[in-house]
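To keep things clear, I will list the structure first and then write my remarks on it.
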Amino acid sequence: MSWRFHNALDSFPAFSKDWDDINRQMGNHILLDSRFFGPLLRHFGSEKMLLAVRDDAREPGMALIEPRKRGFWQTFQPGQAPLGAIHLGGHGYDPSQPIRELIRALPGYALGFSVTQQDPDFTCFASLNGSAAVETLEYIQTPRLTIKGKYEDYWKQRSKNLTHNLSRQRRRLKEQGGVLEFAMDRSFETVADAIQEYGLLESSGWKGGEGSAVAADNLQGHFYREMLGDFCRGGEAVIYRLRLNGKTVASDLCLERNGTLFILKTAYDESVQGLSLGLLLHQEIFRSVFNNGKIRIIEFYGQLRDWHTKWTSEIRTMYHINFYRSAWVPKARKFFKSAVALRCESKSDS
28 MSWRFHNALD
38 SFPAFSKDWD
48 DINRQMGNHI
58 LLDSRFFGPL
68 LRHFGSEKML
78 LAVRDDAREP
88 GMALIEPRKR
98 GFWQTFQPGQ
108 APLGAIHLGG
118 HGYDPSQPIR
128 ELIRALPGYA
138 LGFSVTQQDP
148 DFTCFASLNG
158 SAAVETLEYI
168 QTPRLTIKGK
178 YEDYWKQRSK
188 NLTHNLSRQR
198 RRLKEQGGVL
208 EFAMDRSFET
218 VADAIQEYGL
228 LESSGWKGGE
238 GSAVAADNLQ
248 GHFYREMLGD
258 FCRGGEAVIY
268 RLRLNGKTVA
278 SDLCLERNGT
288 LFILKTAYDE
298 SVQGLSLGLL
308 LHQEIFRSVF
318 NNGKIRIIEF
328 YGQLRDWHTK
338 WTSEIRTMYH
348 INFYRSAWVP
358 KARKFFKSAV
368 ALRCESKSDS
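Pasting the structure below:
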């Protein structure tokens with residue numbers, strides 16, 4: 028079957044229904060929804076990007092792709108996207124076949140194509156057959172929390188260090204007359220204010236120092252405001268806040284679908300001393316989720332950090348997949364890299 032290519036920036040809106048149709052066939056992951064990748068493309072895409080469309084009624088395919096270097100392409104992967112932008116519909120076939128077709132159809136003479144950031148529990152490439160022209164590379168370990176039982180039992184299973192520290196902080200704050208308030212917001216009308224608040228929190232920390240923080244007037248701020256607003260209209264976005272004496276000091280930006288809560292971004296006011304604001308916020312979120320009963324899984328979809336392990340021991344490894352035009356391509360690349368390394372070593376010894 029053939030692949031067709033379109034300018035992604037121009038064509039994606041017209042193909043968004045088809046994109047979502049394939050996504051629904053494959054489990055309807057919210058982070059692969061057109062309302063997630065549409066704003067990503069508008070704010071972080073480029074004119075070099077293509078929308079690849081596979082014309083096959085039984086085994087359709089769509090992907091947002093971009094050139095990586097000469098002869099090599101990859102799925103669109105801005106830092107705000109946890110998963111690679113590709114859908115392959117159908118069941119019971121080797122998914123490497125449509126990718127081989129894609130490589131041969133790409134403009135120029137493509138040598139390889141990388142499918143980035145795949146979740147082993149949610150990928151269309153789980154049934155890959157072994158091939159010398161395919162390689163899998165570990166990406167990151169990422170955590171999740173399965174919600175089962177009562178919150179009180181879950182809390183008793185946390186480490187004494189965590190439970191003691193947070194209880195002590197709450198007790199001391201109460202003694203000092205401080206008031207912590209937990210709030211959740213699903214309203215479209217308040218998204219802009221929530222993003223502005225979130226940006227101020229993130230700018231107070233190291234991301235503000237290096238210029239990578241979300242701000243109301245930068246590309247990240249525009250993306251999160253548009254994306255969360257779209258999902259708020261459908262009841263699938265939620266913004267959690269922790270307020271200290273009426274001021275927001277911590278916030279999570281989240282999406283939820285089919286019983287899963289996805290934590291996209293977390294920020295807290297790093298100028299506040301003596302309180303673990305991120306941990307206190309997540310304690311409130313998890314308590315609310317346990318008691319509400321609608322969420323079964325919390326996904327973090329980020330690099331495993333120490334603070335994650337305080338809440339869960341469920342960890343899995345995400346990965347990239349490199350597909351090559353032929354088995355000789357990875358062999359040639361490996362040979363070339365070895366030759367370059369040997370040459371550099373020889374120069375350093377001389």
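All residue numbers for the sequence shown refer to my numbering, where the first residue is 28 and numbers rise by one.
Ideal Cβ placement from N, Cα and C applies to all residues, glycine included.
Next item on the list: From the DSSP output, in three-state form, read off Y346 for me.
Entry: Judged by DSSP in its simplified three-state form, Y346 adopts strand.
Checklist line | Pairwise C-alpha distance: S353 and L207 | finding: So the alpha carbons of these two residues sit roughly 60 angstroms apart.
Note to self: Within 8 angstroms, do at least three Cβ pairs link the region 107-116 to the region 82-92?
What the structure shows: The answer is yes - the region 107-116 touches the region 82-92, with three or more Cβ pairs under 8 angstroms.
Notebook entry, point to check: Between the region 95-102 and the region 35-53, do at least 3 Cβ pairs fall closer than 8 angstroms?
Noted result: They do not touch, by the three-pair rule.
Notebook entry, point to check: Does the Cβ of P66 have 16 or more other Cβ atoms within 10 Å, making it buried, or fewer, making it exposed?
Noted result: Its Cβ being crowded by 16 or more others within 10 Å, P66 is buried.
Next item on the list: Leaving out five residues on either side along the sequence, give the residues of the same chain with a beta carbon under 8 angstroms from the beta carbon of A277.
Entry: Close CB contacts of A277 within its chain, under the 8 angstroms cut and outside five residues either way in sequence, are with L228, R268, L269, T293, A294, Y295, D296, L304, G305, L307, L308 (chain order).
Next item on the list: Give the range of the alpha helix (DSSP H) segment to which I57 is assigned.
Entry: Premise fails: I57 is in no alpha helix (DSSP H) and is neither H nor E.
Next item on the list: Check the DSSP bridge columns for T169 and list the partner residues they point to.
Entry: Beta-bridge pairing links T169 to R343.
Next item on the list: Flag this pair as touching only if the region 340-351 and the region 128-141 have three or more C-beta atom pairs under 8 angstroms; answer yes or no.
Entry: Counting C-beta pairs closer than 8 angstroms gives three or more between the region 340-351 and the region 128-141, which meets the contact rule.
Notebook entry, point to check: For L138, which residues from the same chain have a beta carbon less than 7 angstroms from its beta carbon, with the 5 sequence-adjacent residues on both sides left out?
Noted result: A distance below 7 angstroms between beta-carbons, with the five flanking residues on each side excluded, links L138 to the following residues of its chain, in chain order: G98, F99, Y351, R352, V356.
Margin query: Tell me which residue opens and which closes the alpha helix (DSSP H) that D244 is part of.
Written below: Unbroken run through D244: none, as it is neither H nor E.
Next item on the list: Taking 8 angstroms as the cut-off, decide whether the C-beta atoms of F327 and P147 are in contact.
Entry: No, the pair does not count as a contact, with Cβ atoms beyond the cut-off.
Item checked: Given T217 as reference, the closest of R62, R260, F64 once Cα atoms are compared -> The closest CA to that of T217, considering only R62, R260, F64, is found on R260.
Next item on the list: May I ask you to report which of helix, strand or coil DSSP gives I322?
Entry: Note: I322 maps to coil in three-state DSSP.
Item checked: First and last residue of the uninterrupted alpha helix (DSSP H) at K183 -> In the DSSP assignment, K183 falls within the alpha helix (DSSP H) that extends over 178-183.
Next item on the list: Identify which residue in E341, F32, R69, A41 has its Cα closest to the Cα of L77.
Entry: Of all alpha-carbon atoms in E341, F32, R69, A41, the one lying nearest the alpha-carbon of L77 is that of F32.
Notebook entry, point to check: Looking at the unbroken alpha helix (DSSP H) that takes in T190, where does it start and where does it end?
Noted result: In the DSSP assignment, T190 falls within the alpha helix (DSSP H) that extends over 187-202.
Margin query: Looking at the secondary structure, which residues open and close the beta strand (DSSP E) in which V276 lies?
Written below: Unbroken beta strand (DSSP E) run through V276: 274-284.
Check: Can you pull the DSSP bridge partners for P94?
Finding: For P94, DSSP records a beta bridge to W100.
Check: CA-CA distance, K234 and A240?
Finding: The straight-line gap from Cα to Cα measures roughly 5 angstroms.
Next item on the list: Would you list the one or two residues that DSSP bridges to D212?
Entry: DSSP lists I266 as the bridge partner or partners of D212.
Check: Is it the case that the Cβ atoms of Q144 and Q247 are separated by a distance below 8 angstroms?
Finding: Contact check for Q144 against Q247 fails: the beta carbons are separated by 8 angstroms or more.
Margin query: Which same chain residues end up closer than 6 angstroms to T163 when comparing Cβ atoms and leaving out the 5 residues on each side of it in sequence?
Written below: For T163, where only same-chain residues beyond five positions count, the Cβ hits under 6 angstroms are Y346, I348.
Notebook entry, point to check: Taking the C-alpha atoms as reference points, what is the distance between S61 and K44?
Noted result: Whole-angstrom Cα-Cα distance: 8 angstroms.
Margin query: DSSP three-state label for A130, please.
Written below: Strictly speaking, residue 130 in this sequence is Ile, with Ala absent from that position. Correct three-state label for I130: helix.
Notebook entry, point to check: Which whole-angstrom value describes the C-beta separation of F317 and K177, a residue pair presumed to lie in contact below a C-beta threshold of 8 angstroms?
Noted result: About 7 angstroms separates the two Cβ atoms, so the contact holds.
Note to self: My assumption, with CB atoms under 8 angstroms, is that S141 sits in contact with R95. Please give the rounded CB distance.
What the structure shows: Sure, about 7 angstroms apart at Cβ, within 8 angstroms.
Check: Is C151 closer than 8 angstroms to P109 when the C-beta atoms are compared?
Finding: C151 sits away from P109, with the two beta carbons spaced by 8 angstroms or more.
Notebook entry, point to check: If we ignore side chains and look at the alpha-carbon of each, how far apart do G329 and D82 end up?
Noted result: Cα to Cα, G329 sits roughly 34 angstroms from D82.
Next item on the list: Express the C-alpha separation of A359 and T287 in angstroms, rounding to a whole number.
Entry: Here the alpha carbons of A359 and T287 stand approximately 43 angstroms from one another.
Notebook entry, point to check: So what does DSSP say about T143, is it helix, strand or coil?
Noted result: In this structure, T143 counts as strand in the three-state DSSP scheme.
Checklist line | Coarse secondary structure for I174, derived from DSSP in three states | finding: Coil.
Next item on the list: Please list, in chain order, all residues of the same chain as R69 whose beta carbon is under 6 angstroms from its beta carbon, the five residues on each side excluded.
Entry: Closer than 6 angstroms at Cβ, skipping near neighbours: no residue.
Check: How would you call P125, buried or exposed, if buried means at least 16 neighbouring beta carbons within 10 angstroms?
Finding: Using a 10 angstroms sphere on the CB of P125, the tally of other CB atoms reaches 16 or more, which defines it as buried.
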